[in-house]
Amino acid sequence: MKTALFVLCALSLALTSLRAANDSALWRIADDARVQAMISGDASKLAETFSDELLYVHSNGKPDTKASFTEALVSGKSKYNSITYEQREFREVAPGLVLMNGRCRLNLGKAAPFTEAHLSFLAAYRLEKGVWRFLAWQSCKLPEPEAAKKP
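Quick note: the sequence shown uses this note's numbering, first residue 19, plus one each step.
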């Protein structure tokens, strides 16, 4: 009986671990698609990845909705050239709601000199009709390391 209970517990832990790994992969895929949509400025890709209730708060405090942010990306008013993660972690805080936090570097602008930003962020994804959609973003600028500061 003890052996059967042990095997059942081990199997349950293994299945839970497998589910978490699969979910984490799905969340990374959804976020990677969102990043590519933002860089491309493709309206249909943005519509697919953004929640209709998107709230995107830039590191300067300026808020955007799905409509205003999509318009800025499609028109080129906001141009993301690259988004590179230094750290990106996901955790499901409720069924169908995932928080992502970490640090990233952005390269922004239409022409040189480009703007570089080093950010800490908190984002949210929500499962909507079977699709993980980008729901929220809040970021803040990180200070430059002392060696990078100009005299």
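Positions of the beta carbon are idealized from the N, C-alpha and C atoms, including for glycine.
Item to complete: Taking residue 91 and residue 56 to be in contact with their CB atoms under 8 Å, please state how far apart those CB atoms are, rounded to whole angstroms.
Response: Contact holds; Cβ gap of about 6 Å.
Worksheet item: What beta strand (DSSP E) runs, 3 residues minimum, are completely inside the region 57 to 88?
Response: For the region 57 to 88, whole beta strand (DSSP E) runs of length 3 or above, ordered along the chain, are 68 to 75 and 81 to 83.
Item to complete: Assess, as a yes-or-no matter, whether the region 148 to 158 is touched by the region 65 to 74 under the definition of 3 or more beta carbon pairs within less than 8 Å.
Response: Contact holds: three or more Cβ-Cβ distances are below 8 Å.
Discussion item. Just list the residues that DSSP pairs residue 123 with in beta bridges.
Written reply: In the DSSP output, where bridge partners are listed per residue, residue 123 has 102 and 136.
Discussion item. Need the endpoints of the beta strand (DSSP E) that residue 154 sits in, please.
Written reply: It spans 149 to 159 - the beta strand (DSSP E) in which residue 154 sits, taken as one unbroken run.
Worksheet item: residue 104 to residue 141, Cα distance in whole Å?
Response: Distance between the alpha carbons of residue 104 and residue 141 is about 15 Å.
Worksheet item: Per DSSP, what kind of secondary structure is residue 162 in: helix, strand or coil?
Response: Residue 162: coil per DSSP, three-state reduction.
Discussion item. I'd like the list of long-range same chain contacts for residue 100, defined as Cβ closer than 6 Å, with 5 residues on each side in sequence excluded.
Written reply: Around residue 100: 125.
Fill in: residue 80, buried or exposed, once every other Cβ within 10 Å from all chains shown has been counted against 16
By the C-beta density criterion, residue 80 is exposed, having fewer than 16 other C-beta atoms within 10 angstroms.
Worksheet item: Ordered along the chain, which non-local residues of its own chain (more than five positions away) have a Cβ less than 7 Å from that of residue 44?
Response: Once the five neighbours on either side are set aside, the close Cβ partners of residue 44 are 150.
Fill in: Nonlocal neighbours in the same chain, by C-beta distance under 7 Å from residue 70, ignoring five residues either side
Counting only Cβ-Cβ distances below 7 Å, and skipping sequence neighbours, we find 84.
Worksheet item: For residue 55, which of helix, strand or coil comes out of DSSP?
Response: Reduced to three states, the DSSP call for residue 55 is helix.
Worksheet item: Is it true that the CB of residue 109 sits closer than 8 Å to the CB of residue 116?
Response: Yes. Within cutoff.
Worksheet item: Nearest to residue 123 by alpha carbon, out of 161, 42, 75 and 144?
Response: Out of 161, 42, 75 and 144, 161 has the C-alpha closest to the C-alpha of residue 123.
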